[in-house]
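Asker: The sequence shown stops at residue 640 when you use numbering that gives the first Met the number 0, and every number in between is there. Built from N, CA and C at the ideal position, the CB exists for glycine as well. Encoded as structure tokens, here's the structure I'll be asking about.
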Amino acid sequence: MGDLYANLNERQREAVATENGPLLVIAGAGSGKTTVLTRRIASLIAKGVARPDQVLAVTFTNKAAGEMKERVRALLAGASVHAAPLIGTFHSVCLTILRAHAELLGYGRDFLIFDSKDQQALLKSICEELRIDTERFTPDSFGNAISKLKSRLITPDAFTEDAHDPYPKMAATVYAKYQDALKEHNAVDFDDMIMLCVQLFEARKDILERYQEQFRYILIDEYQDTNFAQHRFVNLLAARYRNICAVGDLDQAIYGWRQADVANILNFETQYPDAKVVVLEENYRSTQNILSAANMIISKNKMRKEKNLFTKNKAGEKISVVVAATETEEAEFVARTVRALVRDKRFSLSDIAVLYRTNAQSRAIEETFARRSIAYKVIGGLKFYERKEIKDVLAYLRCIANPRDTVSLKRVINFPPRGIGKVSLTNFFQKKETTKSIDGFFALIDALKEARGTLSLSAFMKLVIHRSGIEAHLKELGEKEETRWENVRELISAAAAYDAEAPEQALTSFLDNAALASQESKEENKGAVHVMTMHSAKGLEFRAVFCIGMEDNIFPHSRSKQSPAEMEEERRLCYVAVTRAKEHVWLLYARARRTYGQTQMNPPSRFLFDIPEHLVSFSVCGEEASISYDDLESGIIGFET
């Protein structure tokens with residue numbers, strides 16, 4: 000095991016060396032947050048301060064959890080450590096606890112996890128039952144409302160008590176029926192995982208104390224992104240020993256629309272008056288000019304803890320502010336510049352990112368890149384576990400694992416088509432009337448259930464795919480849909496990782512992890528420009544970053560103008576976007592832009608004016624120009640026609 004303090008700066012060393020008591024680490028962008036987290040975990044274990052099983056580290060993504068596990072494992076290599084700390088997402092940690100105590104909450108231990116598509120199907124069914132006009136009140140809108148309520152730990156009963164107006168009353172009825180239906184299906188959704196754990200801890204002090212004893216040291220990554228329920232969960236666990244380490248950055252809190260509450264990190268020192276606070280300001284990613292610009296942008300916010308990023312890297316090039324006549328010209332400039340960067344062999348396509356505030360802005364970029372044969376990848380496309388062919392296979396597996404899962408049953412009972420008409424399906428689900436084809440389907444499911452205990456998971460999945468007719472169906476689609484079959488084959492490969500487990504447990508574990516993975520997107524983007532929203536860029540870094548649409552009403556978004564809190568979040572989003580860049584930042588402003596079919600004439604983004612002119616290089620249509628912010632604001636810049 001190497002020196003756990005090697006190559007750390009003074010502030011990082013201070014955070015890693017802190018052993019007991021509440022600790023708040025304010026980690027600026029690119030300041031080595033993951034290094035501090037993983038080395039602190041390794042240090043606690045290596046020094047004998049904590050056993051590995053007494054350490055819990057919670058983060059938001061499977062990718063981040065996986066990286067932390069690998070780093071901790073490498074750091075402890077050679078040490079006489081025979082166990083590993085629990086490092087996982089909020090959902091995976093809560094799932095582990097719920098599996099152990101499901102019966103106390105009225106669920107079987109084999110409960111299923113309903114993802115967003117399952118949730119939508121269930122809500123649609125409930126809306127139909129209640130004869131709700133789904134044109135006016137969509138299942139999605141109820142799903143969003145229910146998710147918000149659960150993130151605030153508000154139960155159906157509590158919401159019903161406070162619901163007096165027509166829509167809240169309707170939503171309360173849907174919420175109550177939805178929770179009842181989940182229980183009937185022996186299923187939970189993602190928000191339930193955290194809410195049910197909190198309810199378990201609050202109802203059963205003995206169980207809470209058991210986990211408080213087990214997890215004496217708790218570390219939470221991206222603390223600024225926690226919602227009320229997540230905050231309550233970790234603070235209940237930490238209440239006995241108070242060894243809680245919150246790592247985050249108020250200046251990167253950009254998920255208020257997902258119910259993240261910046262008050263959790265802002266009020267940490269109020270909740271823990273004896274907390275030690277360590278501020279990480281040294282950046283290892285960007286040039287000083289990029290950091291100086293970012294510091295000036297974020298300094299205008301009031302809800303923050305003071306810090307100024309600095310680096311030992313060179314000053315670097317100035318921030319490029321580019322004025323274009325239209326979004327088409329803006330996209331052409333980006334394409335030309337990308338070509339030039341790659342042609343000069345200084346950059347590969349994957350070193351470059353194009354960021355925008357809203358998805359609608361990607362059209363011009365995508366069209367221009369396609370026309371100029373520039374390879375690009377839109378991050379945030381359809382996720383692997385949300386693809387139809389994958390959902391179909393998983394639905395068969397879930398029918399086999401849980402006979403009460405009627406959502407999955409409805410999906411596959413007539414897929415691939417086996418001649419079961421709508422009337423027959425209605426009669427079956429309402430009156431349990433069967434037909435020869437329906438009986439044949441259940442005979443297939445029964446046969447597959449019998450085979451489940453005799454085969455490895457990958458072999459069993461192959462059998463399900465073959466016997467169900469999915470394999471033949473996909474192969475009949477021909478070369479045009481070949482990727483669908485390739486996706487199914489990839490699913491079989493994923494299942495092979497569970498072949499060493501007992502067949503019964505393997506299927507449950509696989510379905511659990513598939514549900515957890517459906518929350519995220521596995522992106523492999525080699526040899527292509529990354530095109531994405533600014534929100535999607537959080538946590539990533541690129542040598543060159545283009546931020547398009549730097550116009551008021553687009554960025555900051557028009558919605559934020561009436562709310563100081565929302566405007567501060569928009570400014571934080573700008574800070575996040577700029578600090579993704581290592582070497583170059585282009586901020587592009589179009590005088591006219593077609594948005595949702597209408598031409599808009601917007602003023603330059605107010606965020607542009609936050610950057611001192613000595614840090615900026617101006618150009619018009621890509622041609623360097625001697626202009627100033629005053630020229631931008633007055634709109635006197637001319638364009639050739």
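1) Spatial neighbours of residue 239 within its chain, please: C-beta separation below 6 Å, excluding the five flanking residues on both sides.
2) With a threshold of 6 Å on Cβ separation, who are the neighbours of residue 13 within its own chain once the five nearest residues in sequence on each side are excluded?
3) Considering residue 317, what are the terminal residues of the alpha helix (DSSP H) in which it resides?
4) Which of the three DSSP states, helix, strand or coil, is assigned to residue 309?
5) Would you say the stretch 254-265 touches the stretch 226-239, given that touching needs at least three Cβ pairs under 8 Å?
6) Which of helix, strand or coil does DSSP assign to residue 603?
7) Since residue 417 and residue 436 should fall inside the 8 Å C-beta cutoff, what is the C-beta to C-beta distance between them, to a whole number of angstroms?
8) Please check the pair residue 291 and residue 614, which I expect to be a contact at CB under 8 Å, by giving their CB distance rounded to whole angstroms.
9) Are the stretch 605-620 and the stretch 304-322 in contact at 8 Å, needing three or more beta carbon pairs?
10) Could you tell me which residues DSSP puts in a beta bridge with residue 244?
11) Could you give the DSSP three-state label for residue 533: helix, strand or coil?
12) Scan the stretch 531-586 and note each continuous alpha helix (DSSP H) run of 4 residues or more that stays entirely inside, going in chain order.
13) Under 8 Å by Cβ, that's how I've got residue 510 and residue 400 pegged, so tell me the actual separation to the nearest angstrom.
14) Helix, strand or coil for residue 56, going by three-state DSSP, please let me know.
15) Which residues share a DSSP beta bridge with residue 617?
16) Would you report the Cα separation of residue 91 and residue 113, rounded to the nearest angstrom?
17) Considering only the beta carbon of each residue, do residue 301 and residue 609 sit closer than 8 Å?
18) Using CA atoms only, rank isn't needed, just tell me which of 207, 121, 225 is closest to residue 182.
19) Beta-carbon separation of residue 70 and residue 17 under 8 Å?
20) Can you tell me which of the three DSSP states residue 188 falls into?
21) Can you list, in chain order, the residues of its chain whose CB lies under 7 Å from that of residue 497, leaving out five sequence neighbours each side?
22) Identify the continuous alpha helix (DSSP H) that holds residue 389 and give its terminal residues.
23) Strictly by DSSP, which residues pair up with residue 355?
24) Flag this pair as yes or no: are the beta carbons of residue 536 and residue 575 separated by less than 8 Å?
25) I need the DSSP call for residue 231, collapsed to helix, strand or coil.
26) Would residue 459 and residue 502 qualify as a contact pair, given that the criterion is a beta-carbon distance under 8 Å?
27) Got a sec? Which residues, its chain only, sit under 8 Å from residue 641 by beta carbon, not counting five neighbours each side?
28) Mapping the DSSP letters down to three states, classify residue 9 as helix, strand or coil.
29) Taking three-plus beta-carbon pairs below 8 Å as touching, is the stretch 130-142 in contact with the stretch 105-112?
30) With H, G and I counted as helix, E and B as strand and the rest as coil, what does DSSP make of residue 76?
31) Kindly indicate which residue of 590, 94, 397, 165 has the alpha-carbon position closest to the one of residue 633.
32) My understanding is that residue 7 touches residue 104, with C-beta atoms under 8 Å, so please give their C-beta distance in whole angstroms.
33) So, for residue 443: in the same chain, excluding its five sequence neighbours on each side, which residues have a beta-carbon less than 8 Å away from its beta-carbon?
34) Between which two residues does the alpha helix (DSSP H) carrying residue 461 extend?
35) Could you tell me the distance, in whole angstroms, from the CA atom of residue 215 to the CA atom of residue 489?
36) Check whether the stretch 200-209 and the stretch 170-184 touch, using three or more Cβ-Cβ pairs below 8 Å as the test.
Answerer: Taking the coordinates as given:
1) 211
2) 277
3) Careful: residue 317 lies outside any alpha helix (DSSP H) and carries neither H nor E.
4) strand
5) yes
6) strand
7) 5 Å
8) 6 Å
9) yes
10) 22, 218
11) coil
12) 563-577
13) 6 Å
14) strand
15) 320
16) 14 Å
17) no
18) 121
19) no
20) strand
21) 456, 505, 508, 509
22) 387-400
23) 532
24) yes
25) helix
26) yes
27) This structure cannot settle anything about residue 641, because the visible part of the chain is limited to 0 through 640.
28) helix
29) no
30) coil
31) 590
32) Contact doesn't hold; Cβ gap of about 43 Å is too wide.
33) 466, 467
34) 456-466
35) 39 Å
36) no
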